[in-house]
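Number of protein chains: 2
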Amino acid sequence: MLSSLKRFLIGRPLKSTELGEQKLNKTKALAILSSDALSSVAYGPEQILLVLITVSTAAFWYSIPIALGVLILLTALILSYRQIIFAYPHGGGAYVVSRENLGINPGLIAGGSLLVDYILTVAVSVSAGTDAITSAFPSLHQHNVLIAIIFVLFITTLNLRGVTESASILAYPVYLFVLALFILIGVGIYNIVTGHVSPELHTPIGTPVAGLSLFLLLRAFASGSSALTGVEAISNAIPNFKDPAPNNASRTLMAMGALLAILFSGIVFLAYYYGITPSGEETVVSKIADETFGRNFMYYFIQGTTALILILAANTGYSAFPLLAVNLAKDKFIPRMFTVRGDRLGYSNGITVLGIASIILIIIFKGETESLIPLYAVGVFIPFTLSQTGMIVKWVKEKPKGWVPKLIINSTGALISFIVTLMFFLTKFEQVWSILVFLPIIIIIFHRIKKHYELVGEQLRIKPGQTIKPIDGNVIIVPVAGITQVVENSINYATSLTDQVIAVYIAFEREDERIFEEKWNKWQPNVRLVTLQSQYRSIITPLTKFIDTVEKKASENNYRVTVLIPQFITKKSWHNILHNQSSLLIRAYLLFKRDVIVATVPYHFKK
Amino acid sequence: MLSSLKRFLIGRPLKSTELGEQKLNKTKALAILSSDALSSVAYGPEQILLVLITVSTAAFWYSIPIALGVLILLTALILSYRQIIFAYPHGGGAYVVSRENLGINPGLIAGGSLLVDYILTVAVSVSAGTDAITSAFPSLHQHNVLIAIIFVLFITTLNLRGVTESASILAYPVYLFVLALFILIGVGIYNIVTGHVSPELHTPIGTPVAGLSLFLLLRAFASGSSALTGVEAISNAIPNFKDPAPNNASRTLMAMGALLAILFSGIVFLAYYYGITPSGEETVVSKIADETFGRNFMYYFIQGTTALILILAANTGYSAFPLLAVNLAKDKFIPRMFTVRGDRLGYSNGITVLGIASIILIIIFKGETESLIPLYAVGVFIPFTLSQTGMIVKWVKEKPKGWVPKLIINSTGALISFIVTLMFFLTKFEQVWSILVFLPIIIIIFHRIKKHYELVGEQLRIKPGQTIKPIDGNVIIVPVAGITQVVENSINYATSLTDQVIAVYIAFEREDERIFEEKWNKWQPNVRLVTLQSQYRSIITPLTKFIDTVEKKASENNYRVTVLIPQFITKKSWHNILHNQSSLLIRAYLLFKRDVIVATVPYHFKK
């Protein structure tokens, strides 16, 4: 039943050879890999204005130069990542690039912060989208957490079905959002050009503003840069592209950069020209749409697609997290299970872990994850900086043909990313300090896990020339609880393997011991019986002591000890709750604590 | 660590021979077995007045004849149960008496309703006691459920420590409560006799009251009878008494009856003489204490001990439930685990199940379990009626010396109990109907469980003259995932048992298959290797198919198939999460679904 539910939700299993069909073309890839970056247009411009308003509305014109700064940063990042795509065609991303060029620890810093970051992406974007929806239907507001969790479960299920299927479903909302904003920007500019908007609404560029500090401008710039989170996703996900993967990925990246640049500058410009003041109740995009269209169909179309894309931004995390986890797991920094492909050829363990972790975050923060945004932004800019720096080192070391322009591009990217990172720490320390605690812990765990795998590998390896001494014989111990068919079945099996069979009976009362011995000797005179008395009504303690004695003697003679546990299996599995589960306990205890083989002889009931 | 926490909470394990030391003397037995009955004095009289006030305060004098009725019922019950104690010295109680004399189903009705009833006792009395405490400290009121749960956990732990220990701790509050009420009643009567209380406060006995129906009087009587819940506890718990158990139990029962009669009539009389009107805010006992002492130390002493005894009333459930469960389990109507004595010689499974079930009830009803009181009372009077009826049948059938007076006593008891039961159904049907749904369901489950155990017993039994055919040989299948020390260890073991060893390798890629075969043939040329390809990356499916094929062939030759699973055991148990747990899955699947022996060969890492 459970397995047919699984089939229904995620579909039939796919053969390994069907992997190629699960790859993405450019249109779909753009939709699922850029939803995070594009969605940030919905809140990035607002972040800039929210900082500037702390001085005065006259300072709003500074949003234009700040936006230009963000665009320069965007260009540098896009060009840098384009170079990374071609340099690391098997899916680079910050982890691989930093590790290869800067060393293990910088790689782990990049990988660790991205890993945490994708969880934050999912939690933050789903919470934001849920907020947008429940703002429209206030009666649902009290169920925010539940609704957010349902969205996470939905997106997780989609991703477990496989990348192409989720891409097919998610492509529409992303393109609708882009279309909606294009119409908004187009109509807005048309209105301005045709003189329908009063130029009085905004202060001209260059108006002097009292009390504006460089610190504040930097802070506004850092806030605006949070709109660039998500641009690294494509470089992580190259293996998901159709061949030729690097070319397709690079074109998709350029397209995303162009879209992001247009939408971002359009919104910033309209906000400036309309003189929009950000407020807690209404988003900047909503105000612009209201000014442009009034509350008609187009307004609701823009609001609806914005809410949707905020939720779908989570999907970028689902594309990038499992692939990053595979890279870390291949290098043995996280458990190997992340490298296993599931029924639908997705890395299902990564997808599931991401879903669970983000649900936990949503529950802990009761769906109010907005305060995590700066943390999430700084968690992106650290790996940005590291990967660009890695590329600088690569160019300087390898000096391939035409390396100088490449070096310049990556150096610009690295410098700006570094400055933005610094600014986050300088201007928003109280919101981002926790990353300085978490990152070292995560990196220590990474190293511990790697060390463990190395130890295991070493202990598993067969040294050349090493030979194992054949076993000379076997002793089989059969704990028996009575004279039954189940015991008979086990004794029959044991005697077919060796002559050294010992049945062990544990008596709680002295009386019992004698009676059982008599019965046994009549029934199985050829099998040796040992009875043990348990004053404390425990089975494991006297049994273990006895096994230890036998084991000691056996190892002296190069014999091995097997404990054979008779077990009946009831016809319906829930019937097992009516029976003592001591055999399970005994088995687990012996396996972990003693060096004996434990075998279970099942006796299946027919009724 | 878990085990030392257990030691700290419940103490060192006791030997079976120490059982005698865990038995109760009369003083302690009275304390722990009568707390339920005695505590009902705190609410029984109030229940009568609450019914009478629906007519007028003039009707309050009827509380005196009603109380006389309750006292007659009490006397009949005490004398009847005294007879049961001697007739069933191994612990009778309603279940055993009804089953032996009236048949299985009446016995199960009595047993089933008592089983549920003890759970209700714990939930209701702990909730009531918690309410009494949080009424004194209103700031705690919002934590009612949590506090009640903590009390349940505390009482559960005490009982897991063993009966004498819990008796030692619980005896003080019970006797303090009795002392407090004795002082209250004594001082109250002294005040009345010395003329300090105005006789104007109450209407004289015999005053005609308009609008008083027989139905109402019966309802008041039924409500007052709820003060008698708990008197059956001693007859259930005879095995807990020191020898001679029946004599000690009988004396304890008489003492409890006398105390209950004195306290009950004293409170009813004072309430009548003082003209106390029950109200939602303050209990009748509190009002009497206030009238008698004012709000001085004695008042708070009475209130405090009352709250305590309400909570401790739960303990009666803990004494009676496990013993009833043992009786039902011995007759195979409930799982056998209830017959096992724990470390401290108490029936720990019964104690634990009772604790968990009552916590669940408290959580479901959010600590407001007052509405369950009638249900709980009717759940007591059904077994009362059945056990007295059973005794009637016994006397009539066996006709021992002097049986006529015994018959009369039990007949009176049976008749009155039956009338009270009927009255509950007639006057409070909306609160007790659910027992008519639950009881049949519980009885059906009892029969299903018994049937299952009988089927199992029959299948386990070795038929005389039946012989089992010795096995002719063994095939051992070893699933291998690589060429490692762990595999070498398992192969070494397998070849020591039989020549028929087959290693199975499951390849996810066709390439893999060939490479592995080559390596294997170089490494273990004498062990046959079978490689299987798994297109869907599942291990269990191809492995099971292969095992089925081998199994079919083997059973034709009277061979048995063993699947030997190589498993490494990491040094620290939490390290296991870093490794695939597929061996556990394979083992469980094969044991339940296939008729093969499953053995695990552990390889313990040293680092």
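For the protein sequence lines, the chains are A and B, in the order given.
Okay, so the first sequence: first residue is 3 according to the numbering used here, each after it adds one.
Okay, so the second sequence: first residue is 3 according to the numbering used here, each after it adds one.
The beta-carbon is built from N, C-alpha and C at its ideal position, and this holds for glycine as well.
| task | Work out the CA separation of B:Ile50 and B:Gly213 for me, nearest whole Å. | result | Within the second sequence, the letter at position 211 stands for residue 213 of chain B. Within the second sequence, the letter at position 48 stands for residue 50 of chain B. Cα to Cα, the separation comes out at about 17 Å.
| Between B:Tyr495 and chain A, is there a C-beta pair that is closer than 8 Å? | Counting from one through the second sequence, the residue named residue 495 of chain B turns up at place 493. For B:Tyr495, the answer is yes, since a Cβ of chain A falls inside 8 Å of its Cβ.
| In chain B, what lies closer than 7 Å to A:Asn476 by C-beta? | Against the first sequence, residue 476 of chain A aligns to sequence position 474. Those within 7 Å of A:Asn476 in chain B are Ser498, Leu499.
| request: Check the C-beta distance from B:Phe607 over to B:Ile571 and give it rounded, since I have them as a contact under 8 Å. | output: For the purposes of this step, residue 607 of chain B is identified with residue 605 of the second sequence, where counting begins at 1. For the purposes of this step, residue 571 of chain B is identified with residue 569 of the second sequence, where counting begins at 1. The C-beta distance from B:Phe607 to B:Ile571 rounds to 7 Å, short enough to fall under 8 Å.
| said: Let me confirm a value: A:Pro280 is counted as buried when at least 16 other C-beta atoms fall within 10 Å, else exposed. Which label applies? | reply: As a working note, residue 280 of chain A is residue 278 in the first sequence. The residue is buried, with at least 16 neighbouring Cβ atoms inside 10 Å.
| field | Ordered list of alpha helix (DSSP H) runs contained in the segment 191-266 of chain B, each at least 4 residues | value | 216-227, 235-238
| message | Can you determine whether any heavy atom of the ligand HEM sits closer than 7 Å to the C-beta of A:Arg163, and answer yes or no? | response | Only the bare structure without any ligand can be found here, which leaves the ligand HEM out of the picture.
| field | 8 Å Cβ cut-off: residues of chain A touching B:Phe601 | value | Your numbering for residue 601 of chain B matches position 599 in the second sequence. Residue identity check: residue 601 of chain B is Ala in the sequence provided, not Phe. Going along chain A in sequence order, the residues near B:Ala601 (Cβ under 8 Å) are Thr564, Ile599, Val600, Ala601, Thr602.
| field | At least 3 beta-carbon pairs within less than 8 Å: the segment 411-427 of chain B vs the segment 122-132 of chain B | value | no
| Proximity below 8 Å, CB of A:Gly232 to CB of A:Ser5 | Residue 232 of chain A sits at position 230 when you count from the first residue of the first sequence. Residue 5 of chain A sits at position 3 when you count from the first residue of the first sequence. For A:Gly232 and A:Ser5, no; Cβs fall outside 8 Å.
| message | Tell me whether the segment 29-38 of chain A and the segment 232-242 of chain A touch, counting them as touching only if at least three CB pairs, one residue from each stretch, are closer than 8 Å. | response | Verdict: yes, contact present.
| query | Whose C-beta lies closer than 8 Å to the C-beta of A:Tyr591 among residues of the same chain, with five residues either side of it excluded? | reply | Indexing the first sequence from 1 puts residue 591 of chain A at position 589. So the qualifying residues of the chain are Ile542, Thr546.
| field | Element boundaries [alpha helix (DSSP H), containing A:Ile361] | value | One-based indexing of the first sequence puts residue 361 of chain A at position 359. That run of the alpha helix (DSSP H) goes 350-366.
| query | Cα-Cα, which of A:Val147, A:Leu81, A:Leu75 is closest to A:Ile361? | reply | For this step, residue 361 of chain A is matched to residue 359 along the first sequence. Residue A:Val147 is the option with its Cα nearest to A:Ile361.
| task | Measure from the alpha carbon of B:Ile12 to the alpha carbon of each residue in B:Tyr455, B:Glu432, B:Ala496, B:Leu347, then state which is nearest. | result | Counted from its first residue, the second sequence places residue 12 of chain B at position 10. Nearest C-alpha to B:Ile12: B:Leu347.
| task | Consult DSSP for B:Phe323 and reduce its assignment to one of helix, strand or coil. | result | The residue labelled residue 323 of chain B in the question sits at position 321 within the second sequence. Collapsing the DSSP output to three states places B:Phe323 in a helix.
| task | Tell whether a beta-carbon distance below 8 Å holds between A:Glu234 and A:Gly352. | result | The residue labelled residue 234 of chain A in the question sits at position 232 within the first sequence. The residue labelled residue 352 of chain A in the question sits at position 350 within the first sequence. No; because the gap between Cβ atoms is not below 8 Å, this pair is not in contact.
| said: Extract the residue ranges of the alpha helix (DSSP H) inside the segment 436-498 of chain A, only unbroken runs of 4 or more that lie entirely within it. | reply: 436-462
| What's the gap between the Cα of A:Leu142 and the Cα of A:Ile135? | Counting from 1 along the first sequence, the entry for residue 142 of chain A is found at position 140. Counting from 1 along the first sequence, the entry for residue 135 of chain A is found at position 133. So the alpha carbons of these two residues sit roughly 9 Å apart.
| Nonlocal neighbours in the same chain, by C-beta distance under 7 Å from B:Gly71, ignoring five residues either side | Taking the second sequence and counting its residues from 1, the one referred to as residue 71 of chain B is at position 69. Phe223.
| field | N- and C-terminal bounds of the beta strand (DSSP E) containing A:Gln569 | value | Taking the first residue of the first sequence as position 1, residue 569 of chain A is located at position 567. Run containing A:Gln569: 561-571, per the beta strand (DSSP E) assignment.
| query | Taking C-beta to C-beta, are B:Ser492 and B:Pro442 nearer than 8 Å? | reply | Looking up residue 492 of chain B in the second sequence gives position 490. Looking up residue 442 of chain B in the second sequence gives position 440. Going by C-beta atoms, B:Ser492 is not nearer than 8 Å to B:Pro442.
| Taking Cβ-Cβ distances below 7 Å as the criterion, which residues of the segment 522-549 of chain B are in contact with chain D? | Among the protein chains in the structure shown, which are A and B, there is no chain D.
| Taking DSSP as the reference, what is the three-state secondary structure of B:Thr158? | Against the second sequence, residue 158 of chain B aligns to sequence position 156. Reduced to three states, the DSSP call for B:Thr158 is helix.
| field | Stretch pair the segment 485-499 of chain B + the segment 510-526 of chain B: three plus CB contacts closer than 8 Å | value | yes
| query | Is the CB-CB distance between A:Lys8 and B:Gln537 below 8 Å? | reply | Residue mapping note: residue 8 of chain A aligns to position 6 of the first sequence, counting from 1. Residue mapping note: residue 537 of chain B aligns to position 535 of the second sequence, counting from 1. Going by C-beta atoms, A:Lys8 is not nearer than 8 Å to B:Gln537.
| Going by the CB atoms, is the gap between B:Leu110 and B:Phe335 shorter than 8 Å? | Residue mapping note: residue 335 of chain B aligns to position 333 of the second sequence, counting from 1. Residue mapping note: residue 110 of chain B aligns to position 108 of the second sequence, counting from 1. The answer is yes: Cβ separation under 8 Å.
| task | Answer yes if the segment 555-567 of chain A comes into contact with the segment 478-486 of chain A, meaning at least three C-beta pairs across the two stretches below 8 Å, and no otherwise. | result | yes
| Since A:His454 meets chain B, which of its residues come closer than 7 Å, beta carbon to beta carbon? | Translated into positions along the first sequence, residue 454 of chain A becomes position 452. Result: His577, Leu580.
| said: Please report whether the beta-carbon of B:Lys430 lies at a distance below 8 Å from any beta-carbon of chain A. | reply: Counted from its first residue, the second sequence places residue 430 of chain B at position 428. No, B:Lys430 lies away from the interface with chain A (no Cβ there is under 8 Å from its Cβ).
| query | Nearest chain B C-beta to A:Gln24 closer than 8 Å, yes or no? | reply | What you label residue 24 of chain A is simply residue 22 of the first sequence in a count that begins at 1. No, because no Cβ of chain B sits closer than 8 Å to the Cβ of A:Gln24.
| message | Between A:Pro337 and chain B, is the shortest Cβ-Cβ distance under 8 Å, so that the two count as touching? | response | Position 335 of the first sequence holds residue 337 of chain A. Cβ-Cβ to chain B under 8 Å: yes for A:Pro337.
| Stretch-stretch touch, CB-based, cutoff 8 Å, three pairs: the segment 382-389 of chain A with the segment 97-112 of chain A | yes
| request: Anything in the segment 3-19 of chain A with a Cβ closer than 9 Å to a Cβ of chain B? List those residues in chain order, please. | output: From the segment 3-19 of chain A, only Pro15, Leu16, Lys17, Ser18, Thr19 have a Cβ closer than 9 Å to chain B.
| said: Considering just the uninterrupted stretch of the beta strand (DSSP E) at B:Val600, what are its terminal residues? | reply: Mapped onto the second sequence, residue 600 of chain B falls at position 598. Unbroken beta strand (DSSP E) run through B:Val600: 599-606.
| message | Which same chain residues end up closer than 8 Å to B:Glu456 when comparing Cβ atoms and leaving out the 5 residues on each side of it in sequence? | response | Locating residue 456 of chain B in the second sequence gives position 454, where the first residue counts as 1. Once the five neighbours on either side are set aside, the close Cβ partners of B:Glu456 are Lys334.
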